[in-house]
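Have a look at the structure below before the remarks.
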Amino acid sequence: MAMAVRNSDPYIIKGGKEGRARLAVISRVLAPSTQSVLDRFEPLSDSTVIDAGCAGGDVSFELAQRVGANGRVVGIDFDESKLVLAREEAAARGIGNIEFHNANILHPWPADGAALVHVRFVLTHLADPERLLERAWEALLPGGAIVTEDIDYGSQFCDPPCPAFDRYAELYVEASRRRGADPFIGRRLVRLLEGVGFADVDSALTQPYGRQGDVKQVPMLTFSAIANALTSSGIATSDEVGRVTAKLDAFAARPDTTMSCPRIFQAWGRKPVGAQFQPSKRGHKLRDHS
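When the letters of the sequence shown are read in order and numbered with my numbering, they come out as residues 285 to 574.
Encoded structure:
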């Protein structure tokens, strides 16, 4: 759900201004749960924090409030069109402690010495998510925290039953898997963090749903955003995409229907004080200096 890697990487969701508008809706839906998980790592005043795969900067702006005027927020993403919008919004809101970098998050980051790294809806799109977590490890101070949030597409639901809703989820999963990504990565986050060497790893689960408001827009916006990927890869025809779109739209418009987002796992951990990652060994071996 965020764009932070080269266009050749397995990213199925449309970016640019349309993608930014979709992410703004999702961020409003997820604001309470994201704020709750970040509360676990207060105080962040005067710290450097990194938002990896920041997209339009919604979480970056939240982090900017938490670090205060003497802190620093670094947002990293590869979608320059979203970053332009993020910079404009930061300027309009008078936020001076935030910077946005156009960079590939799988390459060395333009910041380090971070007290916290946040990664939302990025790992799901990567064939090698451990590589991003290694970059986070390198950027964190000893004792610094990582917070990840990502999807599990095996859990969406609606009521009453709607075949178009089920088909949308099936098509998303197929498109993601064909590009080597993992639409069920949420359930693996704890193991991924532990595998890289993070300590005190724990997790929580959230799943927004409802009968009205932004949460009912998310399935339609997501399906629209993957339409090009579906047709260009031959997973679905334009006619099928049109039929599913029309039926989803009609279902969402009914006041008596409930729709959910995918299940979202939040997992976090800390870089142990005294432990140093050795990136040359993919076995994620640590050297303990305590």
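C-beta atoms are modelled at their ideal positions from N, C-alpha and C, and glycine is treated no differently.
| query | What are the residues that DSSP puts in a beta bridge with arginine 495? | reply | DSSP, once it has assigned bridges, lists no residue as partnering arginine 495.
| message | Quick check: what's the CA-CA separation for cysteine 338 versus alanine 376? | response | 18 Å
| query | Per DSSP, valine 485 is paired with what? | reply | DSSP lists no partner for valine 485.
| field | Residue(s) in a DSSP beta bridge with histidine 391 | value | Partner(s): none; histidine 391 has no beta bridge.
| message | Could you check whether glycine 397 and isoleucine 417 sit closer than 7 Å to each other, using their CB atoms as the reference points? | response | Here residue 417 is leucine; the residue named in the question, isoleucine, does not match the sequence. The answer is no: Cβ separation not under 7 Å.
| field | Beta-carbon spacing of valine 480, tryptophan 393 below 7 Å | value | no
| query | Near aspartate 443, which residues of its chain fall below 6 Å by C-beta distance, leaving aside the five closest residues on each side in sequence? | reply | Thr542
| query | Near alanine 374, which residues of its chain fall below 6 Å by C-beta distance, leaving aside the five closest residues on each side in sequence? | reply | Ile382
| message | Suppose only complete runs of 4+ residues qualify. What are the alpha helix (DSSP H) ranges in the region 384–458, listed by chain order? | response | 413–423
| task | Between the Cα of glycine 558 and those of Gly427, Arg306 and Arg472, spot the shortest distance and give me the residue it belongs to. | result | Gly427
| request: Just mark glutamine 349 as buried or exposed, buried being the case when its beta carbon has 16 or more other beta carbons within 10 Å. | output: exposed
| request: Would you please state the rounded distance, in angstroms, between the beta carbons of proline 503 and phenylalanine 449? I believe it to be under 8 Å. | output: 7 Å
| field | Close Cβ partners of glutamate 478 (< 8 Å) along its chain, the five nearest in sequence each way excluded | value | Val485 and Gly553
| task | Sort Gly378, Lys366, Leu400 and Ala399 by Cα distance to phenylalanine 384 and report the nearest one. | result | Lys366
| query | Who are the near neighbours of alanine 459 in its chain, counting only those whose CB is closer than 8 Å to its CB and skipping five residues on each side? | reply | Ile296, Ile510, Ala513, Leu514, Ser517 and Ile519
| said: Output needed for arginine 547: all residues of its chain with C-beta closer than 6 Å, excluding positions within five of it in sequence on either side, in chain order. | reply: Asp436, Ser439 and Gln491
| query | When the Cα atoms are used, what is the spatial distance from lysine 298 to valine 525? | reply | 15 Å
| message | Rounded to whole angstroms, what is the Cα-Cα separation between isoleucine 360 and leucine 407? | response | 14 Å
| query | When we look at the beta-carbon of lysine 500 and count the other beta-carbons within 10 Å, is it buried (16 or more) or exposed? | reply | buried
| field | Alpha-carbon spacing of aspartate 533 relative to serine 508, whole angstroms | value | 11 Å
| task | Run the CB neighbour count on alanine 537, radius 10 Å, all protein chains shown included, and call it buried at 16 or more, exposed below. | result | exposed
| field | Local conformation of isoleucine 469 per DSSP, three classes | value | helix
| request: Give the straight-line distance between the Cα atoms of threonine 521 and phenylalanine 405, rounded to the nearest whole angstrom. | output: 27 Å
| Near alanine 353, which residues of its chain fall below 8 Å by C-beta distance, leaving aside the five closest residues on each side in sequence? | Gly380 and Asn381
| said: Taking 7 Å as the threshold (C-beta atoms), are histidine 402 and aspartate 335 in contact? | reply: yes
| field | Beta-ladder partner(s) of phenylalanine 549, from DSSP | value | Asp434 and Leu489
| query | isoleucine 360 lies in the beta strand (DSSP E); which residues open and close that run? | reply | 356–361
| query | When the Cα atoms are used, what is the spatial distance from leucine 476 to glycine 300? | reply | 30 Å
| Between which two residues does the beta strand (DSSP E) harbouring valine 557 extend? | It is not in any beta strand (DSSP E) - valine 557 carries neither H nor E in the DSSP assignment.
| What number of angstroms, rounded off, separates the C-alpha of phenylalanine 580 from the C-alpha of isoleucine 469? | Coverage of the chain is limited to positions 285 through 574, which leaves residue 580 absent and any answer about it impossible.
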